[in-house]
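K.L.:
Numbering (the UniProt record's numbering), first residue to last: 1 to 357.
Ideal Cβ positions, reconstructed from N, Cα and C, are used throughout, including at glycine.
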């Protein structure tokens with residue numbers, strides 16, 4: 001098939017990472033992949049090094065920039081595109097009209113579990129040739145809002161299990177850099193350091209856990225509005241030396257490998273939970289809030305634990321229990337690596353393409 005992927009985002013967050021990996025997987029599977037993305041964006045930087053993607057960088061002034069969309073149409077006609085693919089709702093209507101003009105079809109992804117506009121909620125899932133959501137949770141939520149189930153197709157976030165895998169050497173190097181040995185208990189959080197990602201309750205839970213376990217350390221990867229508050233709180237309780245703050249880095253898989261437990265206590269309803277899947281692929285047990293689609297990204301009791309309460313004490317209890325049980329963590333590590341293969345890129349791409357026929 002001939003695909004034309006479109007994205008105007010500046011950042012490479014979860015939605016963009018999923019689109020990037022889907023495009024990469026389609027190219028590896030032998031499909032022709034053309035991409036039009038915002039010039040000099042993080043998406044453009046990432047796509048430049050992906051084999052098989054014909055990359056076209058262009059200025060985007062919003063999702064409905066006429067000049068950028070005209071370039072999409074010209075490329076679509078020149079490459080005889082079969083499918084336009086996009087992951088952001090700001091592109092849905094322009095690309096739907098573009099697909100009709102080109103005589104091709106539109107695969108529109110929705111990574112949120114709601115559609116604010118009644119008009120869009122009614123018409124877009126019905127008019128798009130394929131309207132994809134990323135979990136059964138998202139599908140059921142949209143059905144409850146009146147979207148017909150027959151219009152909703154599931155395509156999970158693809159995970160590159162060649163990249164995200166257990167790596168003993170990466171574990172050793174990062175722990176050495178942080179000044180800790182192999183046996184030091186290390187929990188971690190990876191993502192935007194904001195209230196919506198649950199960092200407020202998480203820092204209190206970690207503080208409680210550390211009070212009872214003087215050798216435990218915590219790694220925080222990412223930046224955001226709550227970062228300064230977290231640093232201030234852990235300093236005030238005398239634990240600053242055991243908290244390690246790292247700015248976002250491209251090779252995040254090397255950070256996963258150093259962890260004993262990955263925590264994902266999101267306050268909002270995540271539609272899937274990409275970091276949860278990536279951590280398991282790296283052999284790291286997870287503790288995730290039982291909210292939204294996070295439970296679909298793991299196997300409760302086998303690859304990690306679901307946190308069903310809302311207080312810091314219950315989260316601290318789960319974390320402490322897992323840190324104190326290395327045998328259970330080892331079993332979860334092996335189970336996680338095997339379980340997450342259902343989200344490996346090749347499987348997700350195969351299922352995605354099958355739903356286009």
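1. The alpha helix (DSSP H) spanning residue 336 covers which residue range?
2. Rounding to the nearest angstrom, what Cα-Cα distance links residue 336 and residue 296 in this structure?
3. Grab the span of the beta strand (DSSP E) containing residue 188 for me, first residue to last.
4. What does a CB cutoff of less than 6 Å around residue 369 pick up in its chain, not counting 5 residues either side in sequence?
5. Label residue 256 either buried or exposed according to how many other C-beta atoms from any shown protein chain fall within 10 Å of its C-beta, with 16 as the threshold for buried.
6. Would you check if there are 3 or more beta carbon pairs closer than 8 Å linking the region 172-189 to the region 143-155?
7. Just checking my contact of residue 264 with residue 275 at CB under 8 Å: how many whole Å lie between their CB atoms?
8. In the DSSP assignment, find the unbroken alpha helix (DSSP H) run with residue 235 in it and report its ends.
9. If you draw a straight line from the C-alpha of residue 26 to the C-alpha of residue 54, how long is it?
10. Does the pairing of the region 315-330 with the region 1-15 give three or more beta-carbon distances under 8 Å?
11. Run through DSSP, which three-state label would residue 57 get?
12. If I'm right that residue 282 touches residue 166 with Cβ under 8 Å, what's the distance once you round it to whole angstroms?
13. Give the C-beta separation of residue 271 and residue 111 to the nearest angstrom, bearing in mind that I take them to be a contact with Cβ-Cβ under 8 Å.
14. Going by the DSSP bridge assignment, what does residue 220 pair with across the sheet?
15. Can you find the residues in the same chain that come closer than 6 Å, C-beta to C-beta, to residue 1, ignoring five residues on each side of it along the sequence?
16. Within the continuous alpha helix (DSSP H) that includes residue 102, where are the two ends?
17. Decide if residue 113 is buried, meaning its Cβ has at least 16 other Cβ atoms within 10 Å, or exposed.
18. Report all residues from its chain with a CB closer than 7 Å to the CB of residue 41; omit the five preceding and five following residues, and keep chain order.
19. In terms of residue numbering, what span does the alpha helix (DSSP H) encompassing residue 131 cover?
P.N.:
Quick answer:
1. 326-339
2. 13 Å
3. 186-190
4. The structure shown has nothing for residue 369, since the chain only spans 1 to 357.
5. buried
6. no
7. 6 Å
8. 227-236
9. 12 Å
10. no
11. strand
12. 6 Å
13. 6 Å
14. 189 and 245
15. 31 and 82
16. 92-102
17. buried
18. 9 and 10
19. Residue 131 -> not in any alpha helix (DSSP H); beta strand (DSSP E) instead, spanning 130-133.
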